[in-house]
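Position one of the sequence shown corresponds to residue 282 (this note's numbering), numbered consecutively onward.
Every residue, glycine too, gets a C-beta built ideally from N, C-alpha and C.
In this text the structure is predicted, and so the values were computed from the model without any measurement.
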Amino acid sequence: LEAHWFSTMFGWYNLAAMHVSGLAAITLVIIYLQKRGNFSWLNENHLHDMGKLIFGFSIFWTYVWFAQFFLTWYANMPEESVYFYKRWEPEYKWWFWLNIVINFVTPVLALMSRDAKRLRNRLMWVCIILIAGHWLDYYLMIMPGTVEAPGFGPEEIGIFLGFVGLFIFTVLSQIAKAPSLVPKKHPFLQESLHHHR
282 LEAHWFSTMF GWYNLAAMHV SGLAAITLVI IYLQKRGNFS WLNENHLHDM GKLIFGFSIF
342 WTYVWFAQFF LTWYANMPEE SVYFYKRWEP EYKWWFWLNI VINFVTPVLA LMSRDAKRLR
402 NRLMWVCIIL IAGHWLDYYL MIMPGTVEAP GFGPEEIGIF LGFVGLFIFT VLSQIAKAPS
462 LVPKKHPFLQ ESLHHHR
């Protein structure tokens, strides 16, 4: 999308972003299944572990984001700074800072304490916010390099909601086909069922 731009951190940056998004999606599915009556053995320690992973990888995402940004800013080489220059233009500047607030400040403030990671509703809302935040992150990767003026309208929202709907449909249809969501003969099943009890 940016023909002459390159970054050695870009792969790690995307890996961290997808890891946070994947953990958030898995956590939402787990919370949904627990509310539905499955996973009655799931306790706050399991949620705490998911919260720790989300918190940790959000910090890692921020570290990679800042490393990429700082090295580009410090080097001040035109072939590297063009990527961030476009995102600092007035049309995208607020989205740029909102990206940092959603994907770094929100998980840090919402999941800093041990008890916060164990609260199902708080963790659920943080996961929803992070999925939307990483959608915004990819929006900022794609749009400034492909279009002049930012387009944020029904098409962008519809595409996002379409993929969310497809994901939900796929997950729920596969769960409905599964005879059991718990692997019966797994060697560590009993250990995981009594996690931290």
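List the whole-angstrom C-beta distance separating residue i from residue j, where the pair is believed to meet the contact cut-off of C-beta under 8 Å.
{"i": "V345", "j": "W286", "result": "At roughly 16 Å, the Cβ-Cβ gap does not stay under 8 Å, so V345 and W286 are not in contact."}
{"i": "Q349", "j": "Y294", "result": "6 Å"}
{"i": "L474", "j": "W322", "result": "5 Å"}
{"i": "F441", "j": "W416", "result": "6 Å"}
{"i": "T343", "j": "C408", "result": "17 Å between Cβ atoms; not a contact."}
Is it the case that the CB of residue i approaches a heavy atom of the ligand HEM more closely than 6 Å?
{"i": "S461", "result": "With respect to the ligand HEM, the structure offers nothing, as it holds no ligand at all."}
Buried or exposed: which applies to residue i, given that a residue is buried once 16 or more other Cβ atoms fall within 10 Å of its Cβ?
{"i": "N380", "result": "buried"}
{"i": "I312", "result": "buried"}
{"i": "A391", "result": "buried"}
{"i": "N384", "result": "buried"}
{"i": "L453", "result": "exposed"}
{"i": "W430", "result": "Note on identity: in this sequence residue 430 is Ala, with Trp being the wrong assignment. So A430 ends up on the exposed side."}
{"i": "K533", "result": "Examination of residue 533 is not possible in this model, given that the chain is present from 282 through 478 alone."}
{"i": "G332", "result": "buried"}
{"i": "L404", "result": "buried"}
Do you know how far the Cα of residue j is from the Cα of residue i?
{"i": "L411", "j": "F336", "result": "11 Å"}
{"i": "H329", "j": "S339", "result": "15 Å"}
{"i": "F291", "j": "M393", "result": "27 Å"}
{"i": "G414", "j": "V310", "result": "18 Å"}
{"i": "G443", "j": "L314", "result": "22 Å"}
{"i": "V445", "j": "T387", "result": "21 Å"}
{"i": "G432", "j": "V382", "result": "21 Å"}
{"i": "T289", "j": "T353", "result": "11 Å"}
{"i": "R395", "j": "P468", "result": "29 Å"}
{"i": "N357", "j": "I449", "result": "44 Å"}
{"i": "L470", "j": "P464", "result": "7 Å"}
Where do the ends of the alpha helix (DSSP H) carrying residue i lie?
{"i": "R399", "result": "Careful: R399 lies outside any alpha helix (DSSP H) and carries neither H nor E."}
{"i": "L334", "result": "E325 to A356"}
{"i": "K465", "result": "Segment: none, K465 is in no alpha helix (DSSP H) and carries neither H nor E."}
{"i": "S288", "result": "Here S288 belongs to no alpha helix (DSSP H), and DSSP marks it neither H nor E."}
{"i": "P359", "result": "P359 to R368"}
{"i": "S454", "result": "P435 to K458"}
Quick one, are the C-beta atoms of residue i and residue j less than 7 Å apart?
{"i": "Y373", "j": "P425", "result": "yes"}
{"i": "L421", "j": "R368", "result": "yes"}
{"i": "I427", "j": "L334", "result": "What sits at residue 427 in the sequence shown is Thr, not Ile. No, the Cβ-Cβ distance between T427 and L334 is not below 7 Å."}
{"i": "A297", "j": "F341", "result": "yes"}
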